[in-house]
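Right, one structure below, let's go through it.
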Amino acid sequence: MADENKEKTDESRRRFIKNTGMVAGGVVGGSLFGGLLTSQFQDDSDTQTKNKETTQSLQEARTFFSRKEDFETLAAATERILPKDDEGPGAIELGVPFFIDKQLSGSWGTNAKAYMKDPFYQNRQTQEYQHKDTQQNKSGPNTSTQAPSRTPRYQTRLNRGDIYIQGLRRMNEVSQKKFDNKFTDLEADQQDEVLQAFDNGEINMKGVAGITFFNLLRQMTLEGAFSDPVYGGNRNMMGWKMKEYPGPRMSYTKQVTSDEFVKMEPKSLRDYQS
Amino acid sequence: MAKKLDKVDVVVVGTGWAGGVISAELAKAGKKVVALERGDKKNIEDYTGVKDELRFMNRYQMMQDLSHETITSRNTMDEQALPVRTRDEMMAGTDTGGGGVHWAGAVYRYTPYDFEIYSKTVDRYGKDKIPAGMTIQDWGITYDEMEKYYDRFEKTAGISGEADPLGPERSNDYPNPPLKESRPVRLFKDAAKELGYHPYQVASANVSQQYENPDGETLNACMYCAFCHYYGCDFGAKSDPLMTVIPTAQKHDNFELRTQAYVRRVLYDGGNKAKGVMYVDTETGQEFEQPADVVVLAAFTFTNNRLLMLSEIGKPYNPESRTGVIGKNFNGQMNITFLGARGFFKDKKFNLYGGAGALGGTMSDFAADNFDHSDVDFINGGAIELRQYGEGAITSNRVPKDSPNWGSEFKKNANFYAYRNLTTWYTSAIMSWWHNYMDLDPTYKDDFGDPLLRVTNKYTDQDRNIAKFGIDKCTEIMEKMGADIIDKDEIPEEFDHIYQGGHYAGGVIMGDDPETSAVNNYLQMWDVDNLFVVGGSAFPHFPGHHPTVTIGSLAYRAAEGIEKYLKNGGQLVKGKQEA
Ligand code: SF4
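If you read the sequences in order, they're chains A and B. Taking UniProt numbering, I'd label the letters of the first sequence as residues 1 to 274. Taking UniProt numbering, I'd label the letters of the second sequence as residues 1 to 579.
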C-alpha cells in the first residue's frame with residue numbers, strides 16, 4: 001500500500017517535471033515541490049546573483065493559498081499558459097505562482113478598491129457577458145496600454161482570491177471527470193484540454209463564469225512573468241531578458257530617435273531607485 | 001452636525017485641469033479661494049522614481065477607489081443598471097491634479113464645425129442629414145471666440161507641436177516645437193503623405209524643451225521615458241496641474257487646498273443662488289459647510305452631474321418627455337471609438353519600449369467636416385493617429401488575431417512581435433441622442449447612502465458607420481506602411497460598460513438656450529447665477545479629438561466669467577428665448 005502510494009507519487013512527480021519542461025539537471029530533493037520552484041534553476045542562472053536568489057527564496061512561501069494542492073494546480077496551469085521551451089523560461093521558473101499568491105493576499109485579491117456592495121445580479125445577462133470574446137481589442141484611447149486580456153464585466157460577490165480557489169478546485173474536478181486524474185497528474189495536452197474548456201466558456205462555476213476565472217489566470221500569469229521582479233515574478237528579470245525589455249530608465253530619447261533596434265540589458269526598479 | 005466655516009469668495013470642487021485653472025486665475029485676481037479635492041494630497045515627488053507598470057497600469061494606482069463610490073451602467077431604459085465595480089472597467093482620476101496628472105498629453109483644438117455643429121450641418125447638408133433622435137446642438141460659442149482661450153491654455157501648459165495643415169486659424173504657433181519623430185511616426189506620416197493626406201506631429205503636453213510658462217512655472221524637457229500615460233511624470237516634463245496651475249494658485253495666501261474633502265451637496269434651497277457646499281473630511285468623518293459667493297463644480301463629468309442631481313439643482317432630464325436638461329446628452333468615446341488596424345511587421349523592429357504619452361503622428365483629412373459627408377451615412381469625423389506611448393513588458397504581449405493567446409505558440413509570437421507591431425486608429429466623434437443620459441440610480445448607494453449616478457448609453461447606426469469608415473481608412477494606411485499581417489478591429493455590437501480612457505462627457509451641457517442647455521457659454525448655470533459647472537460635463541456632444549485642452553480652455557473662459565460675476569452679479573449671457 002505504502003509502496004503503491006509512493007509509486008504513484010513518483011509517477012506524478014515525473015509527469016509534473018515532464019509537463020513543466022523541467023527535465024534538465026534538476027535536483028529532486030525531499031521537498032520536491034519547493035525544490036522545483038526555487039533552487040532547481042540556480043544552475044541556469046548567473047552565479048553572481050546567487051546571494052540575491054537566496055534572499056528571494058526566503059520570500060517564496062505560500063501566504064494566500066493554504067492548501068498545497070491548490071498551489072500546485074495553479075503552478076501547473078500557469079506553466080501551460082507560459083510553458084518553458086526554446087524561447088525561454090516558463091511561468092514556474094519565472095516565479096509566477098508565487099507572484100499570484102502574493103497578489104491574491106493583498107488588496108488586488110480582496111478587491112479592496114472595487115465596489116462590492118449588494119445586490120449582485122447573477123442573471124443570464126451578466127453570465128453571458130462574461131462569456132463574450134475578451135480578445136477583441138478593448139478600445140479607448142488607451143487601448144495600446146492595456147494588459148492584453150482582462151476580466152469582462154465584474155458582477156460577482158466573489159473577490160479575485162475566491163475566484164482562484166474555486167476555479168482551481170473546479171479545474172481538478174474537470175480533470176477528474178475528463179481524465180480520471182488530478183490536474184497536476186495529467187499529460188500536458190490533457191491539461192491544455194482542461195484549460196481550453198475554461199477558455200471556451202464551457203465550464204460553469206458558482207457565482208462566476210469559468211471564462212472569467214480563466215481570463216484572470218491568463219492575465220495574472222502574464223503580469224507575473226513580465227512585471228518588475230520586486231513583486232516576486234519575472235525572476236532575475238528573465239522574463240524581460242526573453243522579451244528584450246530594458247526596464248525603467250531615465251531616458252529613451254536616443255532609442256526613440258534611432259532607426260535600429262537597440263537591445264540593452266534590463267534594469268529593475270531597484271536599480272532605478274538606487 | 002456640520003461645522004460651519006467662514007465664507008469665502010469662491011469654493012472650487014475638484015483640482016484637475018478645470019479646477020486648477022480656475023483656482024490659479026482667481027487666486028491671482030486676489031479672491032479668497034478654497035479648492036476641495038476628495039483624493040489625497042499629492043505633489044510631483046509622489047511620482048518620482050516609481051516607474052512600475054504593474055502598479056500604475058494594471059492596478060490603477062492613480063484611479064479613483066471605487067469601493068466608496070462608482071456609477072451604474074446599462075444600455076437601455078428598460079434594463080436594470082449594474083454597478084461598474086472594478087478599475088478594469090473604469091478610468092477616473094483622483095488625488096491632487098485629478099485626471100490631469102495621468103493624462104497622455106495629446107493636444108487638439110476642437111473645430112469650428114464642432115462648436116456650431118447643428119447650424120453648420122444643416123447649412124451644408126440640409127435638416128434631413130440629422131437623424132431623428134440625434135440631439136446635437138450648437139455650443140453657444142464659436143471657434144473664433146474660443147481661440148484666445150486655447151492660446152492661453154497652450155501657453156500655460158507649454159504645448160509642443162506644429163500647426164495642423166488642415167486646422168482652423170491660430171493666432172500664435174504652439175509655444176514649443178514638436179516632439180522628435182520616431183521611426184514608427186515617420187512610417188505613418190510617409191504612408192499618409194503617399195496617399196495624399198496631410199499628416200503632422202501630434203501636439204503634446206510632453207514638453208519638448210525646458211520652458212517657463214507665463215505664470216513663471218518651469219517645465220522640463222521630455223525624456224521619452226515611456227512611463228507617461230497612466231503615470232505621473234518623473235521629471236516634471238509632462239504638463240499637468242501639479243507642475244502648473246496648482247503651484248501658481250499656491251503662491252497666493254488667499255488660496256487654500258483641502259484634500260480628503262468629499263463634497264456631498266451644493267447648499268441650495270431654491271432661488272437663483274447657491275450658498276456653498278457641504279463636504280466630509282474623509283480622514284475624520286467630520287462634516288463641514290463651506291459658504292461661498294461663487295460655487296464652482298470642476299470635478300469629473302460624473303461628479304458634476306451627480307452633485308447637481310443630489311442637490312436638486314436644475315431640471316433633471318426626462319427621456320420619456322425629452323424635457324429637462326441635467327443629465328442630458330451623455331456622450332463618450334468608448335469601445336466603438338479608437339478602432340482601426342493593427343499591423344504586424346516581420347522585418348521591422350521598433351524601439352517601442354520608449355515613447356511618450358503624446359508622441360505620434362496624426363491627420364485631419366477625415367476629421368469633423370473636413371470631408372464631404374453627402375455620400376456617407378454619418379456626420380462628423382475624427383483624427384487618424386499613430387501613437388507611440390512606449391510600452392511596458394506586460395502590455396507588449398500582442399499577437400495576431402488568428403494566433404493562440406496562451407501556450408508555446410503564443411509565447412513565441414508574443415516575443416517575436418513585441419517590438420514589431422503598430423496600430424493606427426480613428427478618434428471618431430460621438431453624437432448625442434435622446435436615449436443616452438444620466439440620472440440617479442434607484443438601487444445602488446455610496447458609503448454615505450447617497451444614490452450612485454446611473455448612465456444609460458447605447459450605440460446607433462451613426463456610431464457603427466463612422467467606426468467602419470475609420471477602420472477602412474486606418475487599414476489603407478497600415479497597408480501602405482507595409483505591415484505583413486493586418487488585423488482590422490471589429491465593430492462591437494453594443495457598448496460594453498467599460499469606461500476606459502476617461503473620455504466621457506455631457507449632462508451639464510452648454511448652449512445658447514436655457515430650454516436645451518444647463519450652462520451658458522461662461523459655464524454659468526442658467527438657473528443659478530453663482531454656480532459654474534466646468535469640465536467635460538459641458539460638452540453637448542463628443543468631438544472627434546482628445547478633450548483635455550478644450551476643458552482647460554473653457555476653464556479660462558469660466559474664470560473670466562466668474563470675475564465678471566463677482567464684480568457685477570447676475571446672468572452673464574442672455575438666453576436665446578429672452579434675446
Ligand atoms: S515620456 Fe516625457 S512627459 Fe512622459 S513621463 Fe516620461 S519624461 Fe515625462
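Glycine included, each C-beta is placed from N, C-alpha and C at the ideal position. As the structure is a prediction and not an experimental result, all values here were calculated from the model.
- Query: Under a Cβ-count criterion, where at least 16 other Cβ atoms within 10 Å of its own Cβ denotes burial, should valine 256(A) be classed as buried or exposed?
  - Reply: buried
- Task: Determine whether the Cβ of isoleucine 394(B) lies closer than 8 angstroms to any Cβ atom of chain A.
- Result: yes
- Can you find at least 3 beta carbon pairs, one from the segment 304–319 of chain B and one from the segment 556–570 of chain B, that sit closer than 8 angstroms? no
- Query: Unbroken beta strand (DSSP E) runs of length 3 or more, entirely within the segment 48–83 of chain B: which are they?
  - Reply: Fully enclosed beta strand (DSSP E) runs of 3 or longer: 71–74.
- Taking the DSSP output, what are the residues bridged to arginine 62(A)? None; arginine 62(A) has no bridge partner.
- Query: Which term fits methionine 1(B), buried or exposed, when burial requires 16 or more other beta carbons within 10 angstroms of its beta carbon?
  - Reply: exposed
- DSSP three-state assignment for lysine 189(B), whether helix, strand or coil: helix
- If you compare alpha carbons, which of Ser321(B), Ser204(B), Val13(B) and Arg420(B) is closest to lysine 346(B)? Arg420(B)
- Query: Is the segment 90–98 of chain A close to the segment 180–195 of chain A, with three or more CB pairs under 8 angstroms?
  - Reply: no
- Item | Cβ-heavy atom distance, glycine 206(B) to the ligand SF4, below 7 angstroms | In the sequence as displayed, the identity of residue 206(B) is asparagine instead of glycine. Result yes, Cβ under 7 angstroms from the ligand SF4.
- Between leucine 94(A) and glycine 407(B), what straight-line distance do the alpha-carbon atoms span, to the nearest angstrom? Taken atom to atom, the span from the alpha-carbon of leucine 94(A) to that of glycine 407(B) is near 15 angstroms.
- Message: With distance defined between alpha-carbon atoms, name the residue in Tyr174(B), Phe539(B) and Ala27(B) nearest to tyrosine 110(B).
- Response: Phe539(B)
- Task: Answer yes or no: does any C-beta atom of chain A fall closer than 8 angstroms to that of residue 580(B)?
- Result: There is no way to answer for residue 580(B), as the model of chain B reaches only from 1 to 579.
- What does DSSP give as the partner residues of tyrosine 262(B) in its beta bridges? Val280(B)
- Item | Chain-ordered chain B contacts of phenylalanine 183(A) [CB-CB under 7 angstroms] | The contacting residues do not exist; phenylalanine 183(A) stays about 16 angstroms from chain B at best.
- Three or more beta-carbon pairs under 8 angstroms between the segment 55–66 of chain B and the segment 278–290 of chain B, yes or no? Contact fails between the segment 55–66 of chain B and the segment 278–290 of chain B, because fewer than three Cβ pairs, one in each stretch, are under 8 angstroms apart.
- Message: Nearest by alpha-carbon distance to lysine 328(B): which of Lys251(B), Gly390(B) and His435(B) is it?
- Response: His435(B)
- Measure the alpha-carbon distance for glutamine 500(B) versus proline 83(A) and round it to whole angstroms. 32 angstroms
- Message: By the three-class DSSP mapping on this structure, what secondary structure does glutamine 103(A) have?
- Response: helix
- If we count Cβ pairs, one from each stretch, closer than 8 angstroms, do we get three or more for the segment 437–444 of chain B versus the segment 452–469 of chain B? yes
- Task: Just grab the DSSP bridge partners of proline 451(B) for me.
- Result: Lys445(B)
- Item | threonine 362(B): first and last residue of the uninterrupted beta strand (DSSP E) it sits in | 360–363
- Using a beta-carbon distance cut-off of less than 9 angstroms, what residues from the segment 240–255 of chain A approach chain B? Within the segment 240–255 of chain A, contact with chain B at the beta-carbon level (separation under 9 angstroms) is assigned to Trp240, Met242, Lys243, Glu244, Tyr245, Pro246, Gly247, Pro248, Arg249, Met250, Ser251, Tyr252, Thr253, Lys254 and Gln255.
- Message: Quick check on aspartate 180(A) - is its C-beta less than 8 angstroms from some C-beta in chain B?
- Response: no
- Message: Can you tell me whether glutamine 135(A) is buried or exposed? The criterion is at least 16 other CB atoms within 10 Å of its CB, across all chains shown.
- Response: Note that glutamine 135(A) scores a pLDDT of 43, beneath 50, so its modelled location is shaky and nothing firm can be said.
- Indicate whether at least one CB of chain A lies closer than 8 angstroms to the CB of asparagine 351(B). yes
- Query: Can methionine 223(B) be considered in contact with the ligand SF4, in the sense that its beta carbon sits closer than 7 angstroms to one or more heavy atoms?
  - Reply: yes
- Under the criterion of a Cβ to heavy atom distance below 7 angstroms, does phenylalanine 56(B) qualify as lining the ligand SF4? no
- Do you know how far the Cα of alanine 341(B) is from the Cα of phenylalanine 115(B)? 29 angstroms
- Item | Unbroken alpha helix (DSSP H) run spanning proline 112(B), endpoints | 112–115
- Query: According to a CB-to-CB cut-off of less than 7 angstroms, which residues of the segment 211–227 of chain B neighbour chain A?
  - Reply: Met223, Tyr224, Cys225, Ala226 and Phe227
- Task: Using only the heavy atoms of the ligand SF4, determine whether one of them is closer than 7 angstroms to the beta carbon of cysteine 474(B).
- Result: Because no heavy atom of the ligand SF4 lies under 7 angstroms away, the Cβ of cysteine 474(B) does not count as near it: no.
- Cβ separation of valine 549(B) and phenylalanine 153(B), assumed to be a contact under 8 angstroms, to the nearest whole Å: 6 angstroms
- Mind pulling the chain A residues with CB within less than 7 angstroms of glutamine 54(B)? Strictly speaking, residue 54(B) in this sequence is leucine, with glutamine absent from that position. The answer, in chain order, is Glu223, Ser227, Asp228 and Tyr231.
- Spell out whether any CB of chain B is found under 8 angstroms from the CB atom of threonine 212(A). no
- By the criterion of Cβ-Cβ separation under 8 angstroms, what are the contact partners of methionine 116(A) in chain B? Ser67 and Arg85
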